[in-house]
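In the numbering used here, the protein residues as written are 9 to 148.
Heads up, the beta-carbon is just placed ideally off N, CA and C, and yes, glycines get one too.
Predicted model, so just to flag it, every value in this text is computed and none were measured.
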């Protein structure tokens, strides 16, 4: 997946150069959000299964923080359409549920809630990416 992400990032940077706009940047962020949502769910589920290594928790915290920053940047993008704003609002709602579950202390885990929230975020961010690409005149 890292090779695919790198190749995709190069394509997005090429798109940004070709269109001379911020679209390539927001496409990059929206695609990264998809990957981060799945990473958060996977790391959380490892934790719920009893993998309690500090490096996993640190990776989970970093991915959660990075996702939050990316989402806020996308929400603030001035080129958003109504449907993009709607999809981002849905993603933010799901992220709040995911974040609550991830930050819940104790022995109660919510892997189903986290997996479902991550899946819904993935779908919302896919829709956002698709609209950004269409706005740039690129078919997905």
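{"query": "Considering residue 68, what are the terminal residues of the alpha helix (DSSP H) in which it resides?", "result": "62-83"}
{"query": "Give the straight-line distance between the Cα atoms of residue 31 and residue 57, rounded to the nearest whole angstrom.", "result": "39 Å"}
{"query": "In this structure, how does DSSP classify residue 86 when only helix, strand and coil are distinguished?", "result": "coil"}
{"query": "So what does DSSP say about residue 108, is it helix, strand or coil?", "result": "helix"}
{"query": "Near residue 126, what residues of its chain come up, given a Cβ to Cβ distance below 7 Å and the 5 sequence neighbours on each side ignored?", "result": "45, 46, 48, 49 and 106"}
{"query": "Where residue 69 and residue 145 are concerned, what is the direct C-alpha to C-alpha distance, given to the nearest angstrom?", "result": "36 Å"}
{"query": "Is the beta carbon of residue 82 less than 7 Å from the beta carbon of residue 67?", "result": "no"}
{"query": "With 16 as the cutoff for other CB atoms within 10 Å, does residue 36 come out buried or exposed?", "result": "buried"}
{"query": "May I have the straight-line CA-CA distance separating residue 77 from residue 135, to the nearest angstrom?", "result": "19 Å"}
{"query": "Can you tell which of 61, 65 and 132 has its C-alpha closest to the C-alpha of residue 79?", "result": "132"}
{"query": "For a test of your reading of the model: does the CB of residue 69 fall under 6 Å from any non-hydrogen atom of the ligand COA? Yes or no.", "result": "In terms of ligand content, the structure shown is empty, and the ligand COA therefore cannot be addressed."}
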